[in-house]
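All letters in the sequence shown, in the order written, are residues 122 to 832 by my numbering.
A virtual CB, placed ideally from N, CA and C, is assigned to each residue, including glycine.
Please read these numbers as outputs of a predicted model, since none were measured by experiment.
Data first, discussion second: the structure below is written as structure tokens.
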Amino acid sequence: MNRKKFLILLMVLVGLGSIIKIAESGTLGDSGMDLTDLDNSSVAWGDVDNDGDFDLAMMGWDGTNRHFQIYKNGANNRLTLSQSLTGVSNGYLSFGDYDRDGDLDLAITGKVIEYGTTKIYQNDGNGTFSDSGIELIDVYNSALAWGDYDNDGDLDLVVVGFRMGIGNTAKIYKNKGDGTFEDSGITDLMAVASGFVAWGDYDNDGDLDIALSGEKGVGEYICKIYENDYTNEPDNPFSVKESLTGVMNSFLAWGDYDNDGWLDIAICGQATSGYKCEIWKNDGDGTFTKTYDLTGVYNSSLAWGDYDNNGYLDLVVIGLTSGEPETPSSKIYENNGTTFSDAGQSLENVEKGSVAWCDYDGDKDIDLALTGSSDSGAVTKIYKNDESDEDDLPDPPDSSQFKTTYNSTTQELTISWPAGNDTETTPPSGLYYNFRIGSESGKDDLVAARYGSPLLGNFLSKSTATVDGQQMHTRTFNIYAKGYYWNVQVIDTALGYSWSQEQTENGWSGEVHYEDTTPPPAPETPTDEGEYTYNTTIRFRWTQNNPDPETAIYNYRLKVRCQEDGEVKFDGSVGNVKSYNISGCEYNKTYEAQVKAQSGGGWSGWSFWSDGIMVVRLLDISNNLIHPKKADNEATIKYFIINPGKVNLKIYNLMGELVMSLVDNENKDMGMHEEPWSANNDKGSTVASGVYLVHIEVGGENATEKICVVK
Numbered sequence: 122m123n124r125k126k127f128l129i130l131l132m133v134l135v136g137l138g139s140i141i142k143i144a145e146s147g148t149l150g151d152s153g154m155d156l157t158d159l160d161n162s163s164v165a166w167g168d169v170d171n172d173g174d175f176d177l178a179m180m181g182w183d184g185t186n187r188h189f190q191i192y193k194n195g196a197n198n199r200l201t202l203s204q205s206l207t208g209v210s211n212g213y214l215s216f217g218d219y220d221r222d223g224d225l226d227l228a229i230t231g232k233v234i235e236y237g238t239t240k241i242y243q244n245d246g247n248g249t250f251s252d253s254g255i256e257l258i259d260v261y262n263s264a265l266a267w268g269d270y271d272n273d274g275d276l277d278l279v280v281v282g283f284r285m286g287i288g289n290t291a292k293i294y295k296n297k298g299d300g301t302f303e304d305s306g307i308t309d310l311m312a313v314a315s316g317f318v319a320w321g322d323y324d325n326d327g328d329l330d331i332a333l334s335g336e337k338g339v340g341e342y343i344c345k346i347y348e349n350d351y352t353n354e355p356d357n358p359f360s361v362k363e364s365l366t367g368v369m370n371s372f373l374a375w376g377d378y379d380n381d382g383w384l385d386i387a388i389c390g391q392a393t394s395g396y397k398c399e400i401w402k403n404d405g406d407g408t409f410t411k412t413y414d415l416t417g418v419y420n421s422s423l424a425w426g427d428y429d430n431n432g433y434l435d436l437v438v439i440g441l442t443s444g445e446p447e448t449p450s451s452k453i454y455e456n457n458g459t460t461f462s463d464a465g466q467s468l469e470n471v472e473k474g475s476v477a478w479c480d481y482d483g484d485k486d487i488d489l490a491l492t493g494s495s496d497s498g499a500v501t502k503i504y505k506n507d508e509s510d511e512d513d514l515p516d517p518p519d520s521s522q523f524k525t526t527y528n529s530t531t532q533e534l535t536i537s538w539p540a541g542n543d544t545e546t547t548p549p550s551g552l553y554y555n556f557r558i559g560s561e562s563g564k565d566d567l568v569a570a571r572y573g574s575p576l577l578g579n580f581l582s583k584s585t586a587t588v589d590g591q592q593m594h595t596r597t598f599n600i601y602a603k604g605y606y607w608n609v610q611v612i613d614t615a616l617g618y619s620w621s622q623e624q625t626e627n628g629w630s631g632e633v634h635y636e637d638t639t640p641p642p643a644p645e646t647p648t649d650e651g652e653y654t655y656n657t658t659i660r661f662r663w664t665q666n667n668p669d670p671e672t673a674i675y676n677y678r679l680k681v682r683c684q685e686d687g688e689v690k691f692d693g694s695v696g697n698v699k700s701y702n703i704s705g706c707e708y709n710k711t712y713e714a715q716v717k718a719q720s721g722g723g724w725s726g727w728s729f730w731s732d733g734i735m736v737v738r739l740l741d742i743s744n745n746l747i748h749p750k751k752a753d754n755e756a757t758i759k760y761f762i763i764n765p766g767k768v769n770l771k772i773y774n775l776m777g778e779l780v781m782s783l784v785d786n787e788n789k790d791m792g793m794h795e796e797p798w799s800a801n802n803d804k805g806s807t808v809a810s811g812v813y814l815v816h817i818e819v820g821g822e823n824a825t826e827k828i829c830v831v832k
């Protein structure tokens with residue numbers, strides 16, 4: 122064979138090899154669906170109507186107007202516009218079931234006209250959304266993320282961005298569990314704009330940490346990993362543990378690209394040294410090592426997902442690349458387990474956009490939503506994956522090995538399960554999990570299972586622990602109910618079982634049930650403020666020295682009655698408190714109390730009755746109208762001393778002038794005392810007609826009453 126023929130054959134073989142490689146990897150082709158073309162945009166997948174397929178939310182700018190739209194997945198897996206809401210751009214949106222009612226809600230932040238906005242839209246139950254009215258900080262060039270940072274079972278919200286007239290900001294809003302949010306007051310996070318924020322348990326300790334990037338100040342770019350130590354520092358739980366390459370107009374995403382059981386991170390954006398796209402490996406000891414430098418991009422976005430079903434997370438990256446001129450770029454980097462390489466997919470090159478993976482058509486390979494600004498204008502594309510090697514969906518863990526424990530002292534439920542199994546490609550350490558916890562079978566009203574992009578589960582953690590000698594995945598939550606029903610879904614790198622592709626929820630493990638069947642022990646006998654009190658509001662206190670052995674006590678019932686006549690003053694539930702005020706008590710009556718506790722197992726027995734406390738008057742005048750000229754007509758001034766001490770009992774006129782000292786700094790014992798007054802002054806003379814003030818002071822207590830003298 123001559124040299125020319127050999128070279129031609131070699132070129133053919135190389136080209137054929139590339140074709141074979143693309144064919145093995147699958148090809149992403151334009152679905153041809155007609156959606157609003159958007160840039161300065163954000164997209165997210167989620168099943169908004171609970172029909173078993175993925176719908177799409179998107180926001181952005183079409184060159185003339187801003188949009189915020191919901192597209193539902195319908196016949197033949199075509200996306201159809203379902204709802205248009207107030208348009209937003211230059212921000213981000215995210216799905217999450219914040220009210221734990223079993224359907225996905227939406228949080229959105231960005232620019233409306235020339236100012237910022239952040240809103241939570243509540244799912245009305247049929248896949249339509251309405252403004253919840255929850256007040257949040259208004260920002261743009263912004264990002265947000267749902268995450269349960271305090272492990273109480275409901276989704277909290279972190280928001281970062283630029284606030285008009287104030288500057289960059291970062292806030293964490295705590296979900297109060299009643300459909301409202303409050304500013305957590307946490308000030309640990311750096312205030313940034315033009316960046317991104319994401320929750321992920323990078324240290325596998327069972328609570329969600331934070332990755333944060335963006336512009337802190339002019340020319341000052343950051344990318345920080347914050348560790349969550351809520352258990353020990355609930356007021357300010359986040360502290361910087363790692364500083365990666367600082368980037369702005371940036372994006373970042375957690376994902377375990379090497380399947381070693383630790384969340385790694387990909388970041389992209391503009392650094393002080395140029396445009397960047399980097400992958401950082403989690404070393405498992407709290408540190409990260411940069412392992413890959415990909416083509417740098419700016420005005421960027423990226424997303425993890427195993428589009429070729431080989432068991433490793435691939436990475437799609439969009440943004441503006443450097444050069445003369447700078448040009449938009451859209452690339453998929455294929456992960457073969459040891460390296461990342463350009464997959465050679467033909468995508469629309471965009472910047473200022475968004476990407477999100479999802480198997481929207483249910484054919485067991487993930488497809489891609491892409492928006493952004495191309496050389497010809499705004500673009501929205503849905504790319505269908507024709508990967509011939511279908512994802513072999515993972516098997517759920519064996520529910521017979523599930524473990525459930527409840528710490529009644531800390532009121533924490535811990536669930537543990539063994540690893541799932543992917544019979545095809547993803548090793549156990551590379552799997553992700555979705556779980557739900559409900560107070561009744563099939564419900565997820567304690568920990569919601571519904572979630573949206575990036576479709577790696579409702580709690581991005583790979584936390585494990587040794588339980589009864591076996592390595593198990595574990596999660597701990599500060600929740601309580603009569604019983605706990607829970608089960609688990611396994612998610613592989615191809616996002617298989619990220620949600621069922623049918624109207625039944627396939628892929629769940631068997632459900633396990635942990636229920637409290639034993640009532641709690643009775644509380645200790647209530648205590649009060651002593652034998653006597655001057656206050657008509659009495660505070661009763663009690664303790665629960667023996668907690669419920671199975672679940673938390675969540676309510677107490679208090680009964681208060683009058684000892685003298687047995688009349689019940691109060692009888693009712695007071696919630697999970699250990700003290701309660703009873704107001705409106707009457708003088709010269711003694712009140713006693715008993716209490717019982719309620720847990721998932723029912724009511725305890727009553728405690729013993731307290732000893733009782735009498736309401737007494739410090740100062741009590743039996744006759745406050747004196748006629749000095751009448752025989753034996755005088756006032757009897759009674760006073761009750763609770764704590765023995767020095768007493769001053771004096772009479773003043775309305776000018777504040779001393780008229781008579783009845784008791785002058787004398788020690789008095791506990792009990793009732795009385796002093797007569799016949800309308801005379803210190804000199805023995807009868808006072809003039811008028812109103813006089815009787816004032817007593819003893820041990821920090823004082824009281825004043827009036828006496829009228831009529832001659």
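Nearest-angstrom Cα distance between residue i and residue j?
i	j	result
I612	L202	29 Å
G474	A424	12 Å
K771	V815	6 Å
C833	V695	In the structure as shown, the chain begins at 122 and stops at 832. Residue 833 is therefore absent and cannot be evaluated.
A266	S205	22 Å
V169	G376	24 Å
L577	Y553	6 Å
T531	S560	19 Å
N457	G551	14 Å
K142	D427	Residue placement at K142 is poorly supported in this model, since its pLDDT is 40, which falls under 50; the coordinates still yield a value, given next. Cα to Cα, the separation comes out at about 15 Å.
Y213	T239	10 Å
K564	W663	35 Å
E399	T308	28 Å
Y323	Y270	13 Å
N788	T825	20 Å
I487	K452	16 Å
D299	D220	8 Å
D155	Y504	12 Å
N161	G167	21 Å
F189	G181	7 Å
Using the beta-carbon count (16 or more within 10 Å), is residue i buried or exposed?
i	result
I234	exposed
Q715	buried
T672	buried
E336	buried
Y572	buried
Q610	buried
Y708	exposed
V698	exposed
M369	buried
Can you find the residues in the same chain that come closer than 8 Å, C-beta to C-beta, to residue i, ignoring five residues on each side of it along the sequence?
i	result
H634	S562, G604, Y605 and Y606
Y236	D259, Y261 and M285
C829	N745, L746, I747, G811, V812 and Y813
Y347	D309, L310, D330, I331, A332, L333, F359, S360, V361 and K362
What does a CB cutoff of less than 6 Å around residue i pick up in its chain, not counting 5 residues either side in sequence?
i	result
K680	D692 and Q715
S537	K524, V588, M593 and T595
Would the C-beta of residue i count as close to the ligand FAD, meaning under 7 Å from any of its heavy atoms?
i	result
S422	With respect to small molecules bound, the structure shown includes none, and the ligand FAD cannot be examined in it.
Assuming residue i and residue j are in contact, meaning their beta carbons sit under 8 Å apart, how far apart are those beta carbons, in whole angstroms?
i	j	result
L489	V437	6 Å
P548	N349	Not really, about 27 Å apart at Cβ, beyond 8 Å.
L415	Y454	6 Å
F729	T646	4 Å
K759	S743	7 Å
Are the C-beta of residue i and some C-beta of chain E separated by less than 8 Å?
i	result
I400	Of the protein chains in the structure, only one exists, and it is not chain E.
By Cβ distance below 7 Å, which residues in the same chain neighbour residue i in space, the five residues on each side in sequence not counted?
i	result
Y419	N370, G390, Q391, Y396, G440 and L441
Open item on the list: So, does the stretch 386-401 touch the stretch 501-514, judging by three or more C-beta pairs under 8 Å?
Closed with: no
Open item on the list: Does the contact criterion of 3 or more C-beta pairs under 8 Å hold for the stretch 308-320 versus the stretch 273-287?
Closed with: yes
Open item on the list: Under 8 Å, with one C-beta from each stretch per pair, do the stretch 401-418 and the stretch 358-374 reach the 3-pair mark?
Closed with: yes
- [ ] Would you check if the stretch 753-772 and the stretch 723-733 touch, i.e. whether three or more CB-CB distances between them fall below 8 Å?
- [x] no
Open item on the list: With three or more beta-carbon pairs closer than 8 Å as the criterion, would you say the stretch 648-664 touches the stretch 579-588?
Closed with: no
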